[in-house]
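**Q** Got a structure for you, written out below as structure tokens; questions coming shortly.
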Amino acid sequence: MSKNLILYDQYCYLCTQSKRIIKAFDWFRVFDWQSLQSYEKTTNLSEQKKEALKGEIHLIKPTGESLTGFYAIRYVLLRCLLTFWLGALFYLPKADRIGNPIYRWVAKNRYRMFKSKCKNGTCRIH
């Protein structure tokens with residue numbers, strides 16, 4: 061794998077819109093995308109790992125290191141030219157003390173926020 065791989069939920073409105081926006085800003089094409097649904101079919105994962113994938117965005121670096129949630133988002137923002145400044149802010153000391161709770165709140169409430177756009181409760185974290 062030579063690019064960063066971003067795993068997203070193809071049935072989640074917020075997830076697919078995030079993918080669309082990030083792809084527009086990924087001018088250097090440093091990210092590949094794969095739905096977690098297809099990733100689960102091609103990778104032997106425990107049930108616990110499958111549930112974790114549904115709960116937040118996952119990024120797998122070319123080195124194999126994984127980043128999730130807020131940490132994945134700030135990594136992505138830092139690598140897109142137009143959002144570099146925001147990504148850099150998220151790397152300031154203790155930025156994760158604010159960013160992590162905000163990310164988790166949005167992830168937890170994405171069904172409520174986008175319920176008219178999500179089908180069959182797919183934005184709900186169980």
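In short: position in the sequence shown from 1, add 60, done, that's our numbering.
Yeah, the Cβ is synthetic: ideal placement off N, Cα and C, and Gly gets one too.
1) Identify which residue in GLU125, GLY147, ALA112, GLU116 has its Cα closest to the Cα of ARG164.
2) Just the C-alpha distance for PHE150 and LYS63, rounded to the nearest angstrom, thanks.
3) For GLY124, is the classification buried or exposed, using 16 other Cβ atoms within 10 angstroms of its Cβ as the cut-off for buried?
4) Closest Cβ-Cβ distance between TYR135 and chain B: below 9 Å?
5) In whole angstroms, what separates the C-alpha of LEU105 from that of ASP92?
6) Could you give the DSSP three-state label for HIS186: helix, strand or coil?
7) What does DSSP give as the partner residues of THR128 in its beta bridges?
8) Quick one: using the 10 Å Cβ neighbour count with 16 as the cut-off for buried, is ALA132 buried or exposed?
9) By a C-beta neighbour count over all protein chains shown, 10 Å radius and 16 as the cutoff for buried, is ARG170 buried or exposed?
10) So, do the stretch 96-112 and the stretch 79-88 have three or more beta carbon pairs nearer to each other than 8 Å?
11) According to DSSP, LEU67 sits in a beta bridge with which residue or residues?
12) Quick check on LEU74: buried or exposed, where buried means 16 or more other Cβ atoms within 10 Å of its Cβ?
13) Please tell me whether LEU65 and GLN97 are closer than 9 Å, where the distance is taken between their beta carbons.
**A** According to the structure shown:
1) GLU116
2) 22 Å
3) exposed
4) The chain labelled as chain B is not found in the depicted structure, where only one protein chain is given.
5) 20 Å
6) Only weak support is given to the placement of HIS186: the predicted model assigns it a pLDDT of 41, under 50, and the value that follows is read from those uncertain coordinates. HIS186 carries a coil assignment under DSSP once its states are collapsed to helix, strand and coil.
7) HIS118.
8) buried
9) With 16 or more Cβ atoms within 10 Å of its Cβ, ARG170 is classed as buried.
10) no
11) GLN94, HIS118
12) buried
13) no
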